[in-house]
Structure formats: structure tokens, C-alpha cells
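Undergrad:
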Amino acid sequence: MRGQFSDERSFGFGWIADEPAFLQRASYALVDAGGVWLVDPVDVDGLDERVRAAGEPAGVLQLIDRHGRDGTTLARRYGVPIHQALAGGAPEAPFEFFRSVDLPLWREAALWWPERRTLVVGDALGTASYFLAPGERLGVHPLLRMLPPRSLARFEPEHVLCGHGAGVHGVDVATALQEALRSSRRRTPKWLVGLIRNAVGR
Numbered sequence: 004m005r006g007q008f009s010d011e012r013s014f015g016f017g018w019i020a021d022e023p024a025f026l027q028r029a030s031y032a033l034v035d036a037g038g039v040w041l042v043d044p045v046d047v048d049g050l051d052e053r054v055r056a057a058g059e060p061a062g063v064l065q066l067i068d069r070h071g072r073d074g075t076t077l078a079r080r081y082g083v084p085i086h087q088a089l090a091g092g093a094p095e096a097p098f099e100f101f102r103s104v105d106l107p108l109w110r111e112a113a114l115w116w117p118e119r120r121t122l123v124v125g126d127a128l129g130t131a132s133y134f135l136a137p138g139e140r141l142g143v144h145p146l147l148r149m150l151p152p153r154s155l156a157r158f159e160p161e162h163v164l165c166g167h168g169a170g171v172h173g174v175d176v177a178t179a180l181q182e183a184l185r186s187s188r189r190r191t192p193k194w195l196v197g198l199i200r201n202a203v204g205r
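Residues in the sequence shown are numbered from 4 upward in steps of one, following our numbering.
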């Protein structure tokens, strides 16, 4: 499968799978001390070369149960373990894991990397068009807009990497995060109108 590499940073990179295009499925490689940790990865052309250039594969991290994606395949290919964040994550990694969504049919973990001020989420937040109300830079998942993941509010990240859409970066990211969580309910009508307009305009 083809994909577009994105979110190029000194501590890693991301990529978005071309198919299905609407979903904008994003994955990430986080690099620490020469080790490369893959988060919710989808296998795309050129990935092996990019991973090897960044360092030595250290492990695969799965943040949400339905984000199995190609994690098992890649873990076997690289000869590394696959870690379920909801089951405790990877103790040897420099990341903190915590439960961000805890609903009967939806359990999701997030990753916090204090050294890099980086927050990585699975489905709870996104930048794909169907996540965003007009004017939003970062949006709560459509099915969580009425129950936003407020546990994320305690962080002040400079980088938010999400499972659908490119990441957001910069000194104003913490403000965008707080605004997304605070206004998700209030902006739901605008989000719905925007979604309909986008659908009609296709």
C-alpha cells in the first residue's frame, strides 16, 4: 500500500496510508536513544527503509484495540514485541501510558512523552476533515463530541499526534487541545453542518 510520510521531526516521523483515503489513517515512528517505536502502524511502501534509517526497531505500540492494523505483521518482520497500551504499555520505553477513553464499547489509551512534550492519541482526537468543525485545528472524534476525553486536558503538549490526520505542532498546540475539549459539545451543530457541506460538495 502507498502512503505519504509526514510529521518529520528530530524525534521521529509519521505517515498516512493512501487507502481508504477518507479515513486518513496515521501512524508514527518515535525515536529514542537509537530505538524506533512504531505506534498503531499501517504497512506502506518505503516504510522499512525509513525505519532502518531512523534506528533499530524497538517495539510496536497499540493504543486502541481496534487499531491492530499491521502491527502484528510489522512486529514479526522486525523481530520486536507488540505492546498493548491498555495492558500497561512498554516499561522499557520512555513513554507514559494512561487510559484516555473508558466507555463500555470504547477503551483507548494515549501516550505521553514528557521529554518531547508529545501526546499521541488513537481515535480520541484527530485532524482528518470529518473530525473538525469549521475553524477547528484539532477535533474530538465525532462519536465522542458529547463525551470528550477530558483526561487529556492535564497535558500541555507542543506536539499532538493522532490516529486520523496529520499531527499538530507548535507553541499554540496546548491551546488548541484545550479548546477542542472545552468546545466539542457546543460546536457539534457546526461540525454537523460542515460535514454535510463537505459530503454534498464531493
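By construction, the Cβ of each residue, glycine as well, lies at the ideal position given by its N, Cα and C atoms.
With residue 41 as the anchor, note down where its beta strand (DSSP E) starts and where it stops.
TA: Taking the first residue of the sequence shown as 1, we reach residue 41 at position 38. Segment 38–42, the beta strand (DSSP E) holding residue 41.
Undergrad: Helix, strand or coil: which one does DSSP assign to residue 168?
TA: For the purposes of this step, residue 168 is taken as residue 165 along the sequence shown, with counting starting at 1. Three-state DSSP puts residue 168 in coil, outside helix and strand.
Undergrad: I'd like the span of the alpha helix (DSSP H) that includes residue 136, first residue to last.
TA: Counting from one through the sequence shown, the residue named residue 136 turns up at place 133. Segment: none, residue 136 is in no alpha helix (DSSP H) and carries neither H nor E.
Undergrad: Start and end of the beta strand (DSSP E) containing residue 184?
TA: Position 181 of the sequence shown, counted from the first residue, corresponds to residue 184. No beta strand (DSSP E) contains residue 184, which is instead part of the alpha helix (DSSP H) from 176–186.
Undergrad: Can you give me the C-alpha to C-alpha distance between residue 37 and residue 18, rounded to a whole angstrom?
TA: Within the sequence shown, residue 37 is the residue found at index 34, counting from 1. Within the sequence shown, residue 18 is the residue found at index 15, counting from 1. Cα to Cα, residue 37 sits roughly 20 Å from residue 18.
Undergrad: So residue 125 packs on residue 67, CB below 8 Å; how close in whole Å?
TA: For the purposes of this step, residue 125 is identified with residue 122 of the sequence shown, where counting begins at 1. For the purposes of this step, residue 67 is identified with residue 64 of the sequence shown, where counting begins at 1. Residue 125 to residue 67, Cβ: 4 Å. Contact.
Undergrad: Note down the Cα distance separating residue 173 from residue 96, rounded to an integer number of angstroms.
TA: Locating residue 173 in the sequence shown gives position 170, where the first residue counts as 1. Locating residue 96 in the sequence shown gives position 93, where the first residue counts as 1. Cα-Cα distance, rounded: 24 Å.
Undergrad: Please look up how many angstroms separate the CB atoms of residue 112 and residue 102, rounded, as I've assumed it's under 8 Å.
TA: For this step, residue 112 is matched to residue 109 along the sequence shown. For this step, residue 102 is matched to residue 99 along the sequence shown. Right, their Cβ atoms sit about 6 Å apart.
Undergrad: Rounding to the nearest angstrom, what Cα-Cα distance links residue 4 and residue 29 in this structure?
TA: On the sequence shown, residue 4 is found 1 positions in, with the first residue counted as 1. On the sequence shown, residue 29 is found 26 positions in, with the first residue counted as 1. Distance between the alpha carbons of residue 4 and residue 29 is about 13 Å.
Undergrad: For residue 20, write down the residues that DSSP places opposite it in a beta bridge.
TA: In the sequence shown, the residue the question calls residue 20 occupies position 17. Its beta-bridge partners are 6.
Undergrad: Starting from residue 121, follow the beta strand (DSSP E) in both directions and report where the run begins and ends.
TA: Taking the first residue of the sequence shown as position 1, residue 121 is located at position 118. It spans 121–123 - the beta strand (DSSP E) in which residue 121 sits, taken as one unbroken run.
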